[in-house]
Amino acid sequence: MLSEIGLITLLLSFVAAVYAVAVAAYGGRVHSERLILSARNAALSTFPLLLVATGALLIALMTQQYQNSYVWSVSDPNTPPFYRFTALWGSQKGSLLFWCFLMSAFAAGALVINWRSHRRLMPYVIAYSMATLAFFVGLVLFYENPFERWWLVGGEAVRTVLIPDGAVAPSAARLAETANGLNPLLRHFGMIIHPPMLYLGFVGFVIPFAFAMAALASGDLSTNWIKATRRWTLIAWLFLSLGLLLGGRWAYDVLGWGGYWGWDPVENAAFLPWLIGTAFLHSVMIQEKRGMLKVWNMFLVLGTFSAVIFGTFATRSGLIDSVHSFARSEIGFPMFFFWAAVTVISVGLLLWRWNRGELKDDHPFVNILSRESLFVLNNVVFVLLFVAIFWGSFGAPVISEIVMNENITLGRDYFLQVTPPLFVALYILMGIAPLSAWGATSLRRLGRSLIVPLVLAAVFVAFIVIVGHTAEPAALFGYGIVSLAGFVALYETYRGVVARQRSLGENPLRALAALFTRSRRRYGGYVVHLGITVIGIGVIGSTVFQQETQRTLAVGDSLEFGGYTMRYDGFTNAIADDGRRMEIADITLLRDGRELARLRPRHDIYPTMPMTIAGAYSTLENDFYVLLVGWEANNANSATFKVYINPLINLVWWGGLILILGTLIGTWPTETVPAHLREAAPARSRARASA
Amino acid sequence: MAEATWEKPAIQTTQRGAGRLKFLIGGILILAAVVYLIISGTASGARYYITVDDLLSKPDYVGKTVRFAGVVLGDTIQYDPQNLILTFTVANIPPDYTNLAEALHLAANDPNSARVNVRVENQVKPDLLRHEAQAILTGKLGEDGVFLATELNLKCPTRFEEAQPGRAISEPSA
Numbered sequence: 004m005l006s007e008i009g010l011i012t013l014l015l016s017f018v019a020a021v022y023a024v025a026v027a028a029y030g031g032r033v034h035s036e037r038l039i040l041s042a043r044n045a046a047l048s049t050f051p052l053l054l055v056a057t058g059a060l061l062i063a064l065m066t067q068q069y070q071n072s073y074v075w076s077v078s079d080p081n082t083p084p085f086y087r088f089t090a091l092w093g094s095q096k097g098s099l100l101f102w103c104f105l106m107s108a109f110a111a112g113a114l115v116i117n118w119r120s121h122r123r124l125m126p127y128v129i130a131y132s133m134a135t136l137a138f139f140v141g142l143v144l145f146y147e148n149p150f151e152r153w154w155l156v157g158g159e160a161v162r163t164v165l166i167p168d169g170a171v172a173p174s175a176a177r178l179a180e181t182a183n184g185l186n187p188l189l190r191h192f193g194m195i196i197h198p199p200m201l202y203l204g205f206v207g208f209v210i211p212f213a214f215a216m217a218a219l220a221s222g223d224l225s226t227n228w229i230k231a232t233r234r235w236t237l238i239a240w241l242f243l244s245l246g247l248l249l250g251g252r253w254a255y256d257v258l259g260w261g262g263y264w265g266w267d268p269v270e271n272a273a274f275l276p277w278l279i280g281t282a283f284l285h286s287v288m289i290q291e292k293r294g295m296l297k298v299w300n301m302f303l304v305l306g307t308f309s310a311v312i313f314g315t316f317a318t319r320s321g322l323i324d325s326v327h328s329f330a331r332s333e334i335g336f337p338m339f340f341f342w343a344a345v346t347v348i349s350v351g352l353l354l355w356r357w358n359r360g361e362l363k364d365d366h367p368f369v370n371i372l373s374r375e376s377l378f379v380l381n382n383v384v385f386v387l388l389f390v391a392i393f394w395g396s397f398g399a400p401v402i403s404e405i406v407m408n409e410n411i412t413l414g415r416d417y418f419l420q421v422t423p424p425l426f427v428a429l430y431i432l433m434g435i436a437p438l439s440a441w442g443a444t445s446l447r448r449l450g451r452s453l454i455v456p457l458v459l460a461a462v463f464v465a466f467i468v469i470v471g472h473t474a475e476p477a478a479l480f481g482y483g484i485v486s487l488a489g490f491v492a493l494y495e496t497y498r499g500v501v502a503r504q505r506s507l508g509e510n511p512l513r514a515l516a517a518l519f520t521r522s523r524r525r526y527g528g529y530v531v532h533l534g535i536t537v538i539g540i541g542v543i544g545s546t547v548f549q550q551e552t553q554r555t556l557a558v559g560d561s562l563e564f565g566g567y568t569m570r571y572d573g574f575t576n577a578i579a580d581d582g583r584r585m586e587i588a589d590i591t592l593l594r595d596g597r598e599l600a601r602l603r604p605r606h607d608i609y610p611t612m613p614m615t616i617a618g619a620y621s622t623l624e625n626d627f628y629v630l631l632v633g634w635e636a637n638n639a640n641s642a643t644f645k646v647y648i649n650p651l652i653n654l655v656w657w658g659g660l661i662l663i664l665g666t667l668i669g670t671w672p673t674e675t676v677p678a679h680l681r682e683a684a685p686a687r688s689r690a691r692a693s694a
Numbered sequence: 002m003a004e005a006t007w008e009k010p011a012i013q014t015t016q017r018g019a020g021r022l023k024f025l026i027g028g029i030l031i032l033a034a035v036v037y038l039i040i041s042g043t044a045s046g047a048r049y050y051i052t053v054d055d056l057l058s059k060p061d062y063v064g065k066t067v068r069f070a071g072v073v074l075g076d077t078i079q080y081d082p083q084n085l086i087l088t089f090t091v092a093n094i095p096p097d098y099t100n101l102a103e104a105l106h107l108a109a110n111d112p113n114s115a116r117v118n119v120r121v122e123n124q125v126k127p128d129l130l131r132h133e134a135q136a137i138l139t140g141k142l143g144e145d146g147v148f149l150a151t152e153l154n155l156k157c158p159t160r161f162e163e164a165q166p167g168r169a170i171s172e173p174s175a
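As you go down the protein sequences, you meet chains A and B in turn. Position one of the first sequence corresponds to residue 4 (this note's numbering), numbered consecutively onward. Position one of the second sequence corresponds to residue 2 (this note's numbering), numbered consecutively onward.
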């Protein structure tokens with residue numbers, strides 16, 4: 004029954020989306036209000052329909068309907084309810100359905116919120132967002148259907164969407180017995196939240212894309228589309244950032260190699276849209292303030308969406324051999340086709356409008372030190388970083404295959420060589436640009452406002468040397484540049500507070516609160532910069548100064564490493580609630596003879612595979628990260644450990660939290676008082692005064 | 002009248018021209034620097050991605066850093082946890098296949114497939130290393146015919162999507 008409900012709602016949502024595309028496009032052309040409203044209603048209906056479809060799959064998962072082959076392949080009777088829920092996105096089919104559901108939610112939100120304010124764009128927004136949705140729902144429906152069921156036809160088990168002739172349902176007991184269970188690698192809080200966050204980030208970019216396309220198609224090339232999408236872009240960007248951070252955290256906790264970013268093509272595929280999306284968030288401000296970069300902004304927003312689709316295609320089609328790409332599947336070709344179509348159509352429309360001279364900038368670039376020029380430079384660096392990472396992950400392997408008939412891949416060395424200079428350039432710009440003014444800035448003025456942050460950065464570097472973290476010039480340079488960007492953000496906020504104190508006589512806290520409420524975007528942006536600074540310091544510390552060692556210890560023996568003493572106390576075997584066997588080493592961690600923590604690095608033995616779970620003791624200074632890598636077969640009188648000291652790694656996660664906070668501040672809606680009330684308020688106060 | 006700016010004063014044009022030139026030169030310099038970075042990075046980071054067959058049939062590859070994929074033979078896995086040394090044998094996977102799980106299964110059971118012994122040092126035994134896993138290895142083939150890997154990535158498509166799941170369901174309960 005659930006499968007039927009899911010199938011029917013899925014089919015209806017596909018029909019509704021296709022209908023919305025056709026009717027919105029035609030209605031927009033002939034300016035028929037009735038048709039446009041009809042298209043809107045069809046578009047809005049996809050959300051409840053996909054909600055029911057997703058709900059049906061979720062109920063099938065929770066109630067263990069193993070005849071559904073998706074449920075059968077991602078859960079088993081031992082799977083705890085929480086992981087049953089997360090199994091919704093545990094594999095390709097479910098995650099694609101979930102992706103469609105999120106996309107319909109975003110589209111419905113954008114239609115409801117912007118319906119009145121951006122009426123002229125709406126028919127095209129409906130057409131483009133629903134075309135994207137129709138494509139993905141089509142993929143689910145025709146290629147990766149999560150509502151397939153197991154049937155026995157003449158003794159043979161087959162999985163089909165429609166019930167074959169003469170089919171009987173397999174025995175429920177046999178289905179439950181043979182069910183696969185959720186991939187153990189996915190049983191971690193990072194993996195539970197990471198995919199939905201990443202999807203929300205990816206899917207969210209469909210809204211700015213649809214508005215940009217609507218602007219190009221309708222000819223309303225003012226800043227309307229930018230105003231309508233600013234908040235949507237920030238929300239998508241926030242989720243994408245969160246998805247990337249959580250993915251890193253998952254890799255660090257679960258994959259057991261002591262790191263969080265491996266420059267794997269799949270990781271890079273998610274990082275690429277983030278790079279152009281970030282460039283867009285910056286350059287869009289120039290169009291709003293100065294009416295410049297109109298073509299460039301279009302290019303960036305279309306590029307971001309194209310990168311999202313490309314990333315999805317590359318991850319799910321098996322284009323690139325990667326440790327965590329989904330297995331080769333049939334959706335490769337349609338996805339490639341869709342990506343190519345999106346790119347060609349959007350670039351074509353953009354070039355057409357450009358050629359007609361409809362995207363002329365209001366001001367020329369004059370001064371190289373103006374804020375707009377520095378923003379452009381920032382954009383150039385972001386795009387070059389995109390190009391370099393794209394080339395390393397996808398360009399080189401694919402082009403070498405086509406041109407040389409030999410597959411050349413670029414490993415970590417490539418990324419570690421090419422990206423650091425570009426990141427350094429970004430941090431330098433992050434330090435300078437906020438201090439520059441629109442139009443023009445003199446070198447002297449810029450230099451003067453840099454003095455305080457430079458001194459603070461120098462003090463910070465001196466502090467690093469004094470506490471004995473490092474004296475290596477390259478690392479100190481890195482710390483200096485990265486911290487400068489953070490100090491500029493703090494100093495600019497401080498200057499804002501002082502200015503308000505002087506002119507309005509407010510106390511510092513009140514002045515700070517007023518700054519954040521009045522210019523949310525600007526000061527929220529500074530908080531994001533601060534977060535990126537903290538992440539940067541964490542990345543330098545944990546990659547440049549990571550230490551590792553390994554040792555076999557007998558029970559009672561200790562290992563001295565990085566100022567810590569680790570004592571092996573014994574070995575425990577246990578069975579967890581979900582039936583997995585655990586082999587645990589008991590460790591006491593000491594520093595200067597004082598007990599700090601008991602760690603329990605372990606092996607979880609699942610029926611399908613073992614998993615190595617690290618034990619870690621975290622402080623702001625570093626992580627003591629220990630893996631149990633081997634033990635004596637009978638009594639575990641001795642065991643072997645691999646130990647990492649990861650300096651400053653927690654700053655990466657803390658910086659992430661600061662980044663989220665800053666983005667939320669920037670996204671938070673400003674209370675807009677309607678014009679009639681604004682006018683009425685002073686009138687009332689005048690009336691009171693005269694009374 | 003507001004549009005009557007078609008003939009701009011000469012001085013402004015020169016300033017604009019000079020400004021444009023500055024931006025152009027700056028842009029070219031940045032681009033050149035990054036192109037250099039990418040080319041030099043590509044030259045030093047490039048690894049030929051080959052098959053076991055290629056590795057063994059072309060002597061050119063000996064001593065060169067290459068990357069190749071092969072299927073792990075479970076019986077050959079040996080692990081010395083005290084010194085973190087891992088050795089195993091991988092067999093060639095024919096390049097054209099539609100179902101990876103099936104291709105890995107066939108390749109592992111083909112007695113005639115090309116095989117190479119792999120040694121990985123300072124490596125914790127990965128959880129995914131098991132029979133019929135796909136190993137993607139980066140390193141150098143030594144004169145002794147043993148491939149010394151510096152990087153080991155594993156993929157196990159067979160784990161969660163069995164090649165013939167239907168058979169398990171249609172068979173009566175054990």
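Glycine included, every Cβ here is placed at the ideal spot set by N, Cα and C. It should be emphasised that the depicted structure is a prediction, and the values quoted were computed from it without experimental measurement.
Pull the bridge partners of residue i from the DSSP assignment, please.
i, result
"V72(B)", "A92(B) and Q135(B)"
"M585(A)", "A577(A) and D607(A)"
"L592(A)", "M569(A) and A600(A)"
"D267(A)", "The partner list for D267(A) (beta bridge, DSSP) is empty, contrary to what the question assumes."
"A150(B)", "V121(B) and G140(B)"
"L413(A)", "A47(B)"
"D81(B)", "I86(B)"
"L556(A)", "A642(A)"
With H, G and I counted as helix, E and B as strand and the rest as coil, what does DSSP make of residue i?
i, result
"A617(A)", "coil"
"D365(A)", "coil"
"Y50(B)", "strand"
"W634(A)", "strand"
"Y567(A)", "strand"
"V125(B)", "coil"
"K59(B)", "coil"
"N653(A)", "helix"
"K645(A)", "strand"
"Q290(A)", "helix"
"S727(A)", "Beyond the ends of chain A as shown, which are 4 and 694, falls residue 727(A); an answer cannot be given."
"Q550(A)", "strand"
"N110(B)", "coil"
Which residues in the same chain as residue i place their Cβ atom closer than 7 Å to its Cβ, once the five residues preceding and following it in sequence are excluded?
i, result
"A310(A)", "L275, P276 and I279"
"V18(A)", "none"
"V326(A)", "Residue placement at V326(A) is poorly supported in this model, since its pLDDT is 44, which falls under 50; the coordinates still yield a value, given next. Same-chain partners within the cutoff: D267."
"H285(A)", "F378, N381 and N382"
"A478(A)", "I543 and V547"
Beta-carbon within less than 6 Å of residue i's beta-carbon, same chain only, minus the 5 sequence neighbours each way: which residues are those?
i, result
"L189(A)", "G93"
"L91(A)", "L61, G97 and F101"
"R570(A)", "S561 and T591"
"N123(B)", "L85"
"V21(A)", "A137"
"L10(A)", "F150"
Within a Cβ cutoff of 8 Å, which residues of the same chain sit near residue i, ignoring the five residues on either side of it in sequence?
i, result
"G157(A)", "G169"
"W154(A)", "A160, V161, R162, T163, I166, P167, A170, V171, A172 and P173"
"W75(A)", "Y69, W153, L178, T181, A182 and N183"
Which whole-angstrom value describes the C-beta separation of residue i and residue j, a residue pair presumed to lie in contact below a C-beta threshold of 8 Å?
i, j, result
"E23(A)", "V35(B)", "It should be noted that the sequence gives Ala, not Glu, for residue 23(A). That pair is no contact at about 43 Å."
"Q290(A)", "I371(A)", "That belief does not hold up - the Cβ atoms of Q290(A) and I371(A) are roughly 19 Å apart, past 8 Å."
"I94(B)", "A104(B)", "6 Å"
"L38(B)", "H132(B)", "Not quite, the Cβ-Cβ distance comes to about 42 Å (not below 8 Å), so this is no contact."
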